[in-house]
Amino acid sequence: MSNIGLIDIGGTTIKFAVWDGQRLVGHNFRKTPKTLSEFYEILTAEVTKMKTQFEISGVGISSPGAVNKKTGVIEGASALPYIHNFKIQPELEKRFDLKISMENDANCAALAELVDGAGVGADGLLFLVIGTGVGGSVIINHKIWHGAHLFGGEFGFTLSDDKHILSELGTSVRVAERYNKKTNAQKTGKEVFDLAKSGDAIAQAEVNKMYWALAKGIYNLQYSFDPEKIVIGGAVSNNPDLIPNIEQNIEEIRKQVKIASIKPDVVACKYTDMANLRGAVVDFQQTYGEL
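Just so you know, my numbering puts 1123 at position 204 of the sequence shown, and the rest follows in order with no gaps.
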């Protein structure tokens, strides 16, 4: 198995590493540049170093946005407008003189969890990334399901009630926004969670609203896709109260829906900072048959 160069494009930093067949080595990162020309310059310089030090056979890239694997275009939008809506993959292949695979960052994280993370042993899973909003990924038979419009896994757009989507109700960021609006405070999500545990009624109401929205969303996803596991990612997954409270709310739903025999298997993610790089390895191997 050959060495694979890896790039994880983020809004603040770009991470680099090499997969040596067993683990990630040669870690490095650079500040994300503001222009496409600087972007090309940094990536080309880092890949040239990889080629010299590790003799890589290709490069796997994790990127924000809706990556169209058929066209080599990163559709949609992100914090880096200069990478979108043109055939960027051929441009990078020309500069690197290597074959490239590209995949969305949430999809890469999901693949990492599938192969040797929280979803190991599953053929299919759903991955929810809870941050400012709710994103995610669908894996069926070990492969990413992108959907007809590259919207597979965009769970945050699903309706939680008559007026709100899951991204508006199901994150700690929005919990803090609602609490601060009602109390004229400036609390973070973590601070509001702490207040809820100490008995603050307004904080409790807003936190419970988040748990209920996530539970309802996960229940609906279980009965839509019937995955073996539903993996939760994002910083909030480090909260030890998250999974138990989601499960408690799911049980309330199951009591209401007597026919609902399946209990979703909800787990926190294993990977954190390295998820996108590890997943880019899997995507490269699936793309070029190097498993």
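Ideal Cβ placement from N, Cα and C applies to all residues, glycine included. This one's a predicted model, so the numbers in the text were calculated from it and none came from an experiment.
Identity of the residue in the options nearest residue i by Cα
i     : options                       : result
A998  : I933, L1196, A1187 and D1184  : I933
Q1008 : C1027, L1033 and G977         : G977
G1072 : D1024, N1195 and K950         : D1024
T1191 : A1041, Q1205, D1016 and E1032 : E1032
D1160 : V1176, G1036, T967 and A1115  : A1115
R942  : R1014, A1194 and V1039        : A1194
K1062 : K1013, T1077, L1045 and F1015 : L1045
T1090 : Q1204, V1126, V1039 and K1189 : V1126
G930  : L1011, N1099, A1037 and S981  : S981
E1096 : L1069, M1129, S1079 and H1068 : M1129
Rounded C-alpha distance that separates residue i from residue j
i     : j     : result
I1165 : R1197 : 28 Å
G1052 : P1183 : 22 Å
H1065 : G1118 : 43 Å
Y959  : P983  : 16 Å
A1187 : E994  : 29 Å
W938  : L1047 : 25 Å
E900  : S1020 : Since the first residue of the chain shown is 920 and the last is 1210, residue 900 is not available in this structure.
I1151 : V1185 : 7 Å
F1074 : L1133 : 10 Å
D1202 : V1111 : 38 Å
V1155 : V1092 : 10 Å
T951  : Y1138 : 38 Å
R1173 : S1180 : 8 Å
A1041 : Q1141 : 14 Å
T963  : E1087 : 39 Å
L1017 : S921  : 13 Å
L1225 : T967  : Absent from the structure is residue 1225, since the part of the chain shown begins at 920 and ends at 1210.
G979  : A1104 : 44 Å
I1084 : T1107 : 21 Å
A1029 : V986  : 15 Å
I961  : A1199 : 19 Å
Residue i classed as buried or exposed, judged by whether at least 16 other C-beta atoms fall within 10 angstroms
i     : result
G1055 : buried
E1171 : exposed
P1146 : buried
N947  : exposed
I1178 : exposed
T971  : exposed
Q1175 : exposed
A1120 : exposed
F935  : buried
V944  : exposed
Assigned secondary structure, residue i (DSSP; H/G/I helix, E/B strand, else coil)
i     : result
I1041 : Per the sequence shown, the amino acid found at residue 1041 is Ala instead of Ile. In the structure shown, A1041 sits in coil (DSSP, three-state: anything other than H, G, I, E or B).
G1208 : coil
N1158 : coil
S976  : coil
S956  : helix
R949  : strand
T963  : helix
Closer than 6 Å: residue i CB and nearest the ligand NAP heavy atom
i     : result
K1109 : The model on display carries no ligand, and the ligand NAP is accordingly not part of it.
CB contact check: residue i to chain D, cutoff 7 Å
i     : result
Q1175 : The displayed structure is made up of one protein chain only, and chain D is not part of it.
Unbroken stretches of the alpha helix (DSSP H), 4 residues or longer, contained in the region 1063 to 1124 = If we require 4 residues or more, the alpha helix (DSSP H) runs fully inside the region 1063 to 1124 come out as 1085 to 1088, 1091 to 1102 and 1108 to 1116.
Where in the region 980 to 1042 do unbroken runs of the beta strand (DSSP E), each at least 3 residues long, occur, reported from the N-terminal end onward?
-> Those beta strand (DSSP E) runs which fall completely within the region 980 to 1042 and span 3+ residues are 985 to 987, 992 to 994 and 1018 to 1023.
Just list the beta strand (DSSP E) runs in the region 1140 to 1203, keeping only unbroken ones of 3 residues or longer that don't cross its boundaries, in chain order.
-> Listed in chain order, they are 1148 to 1152 and 1185 to 1187.
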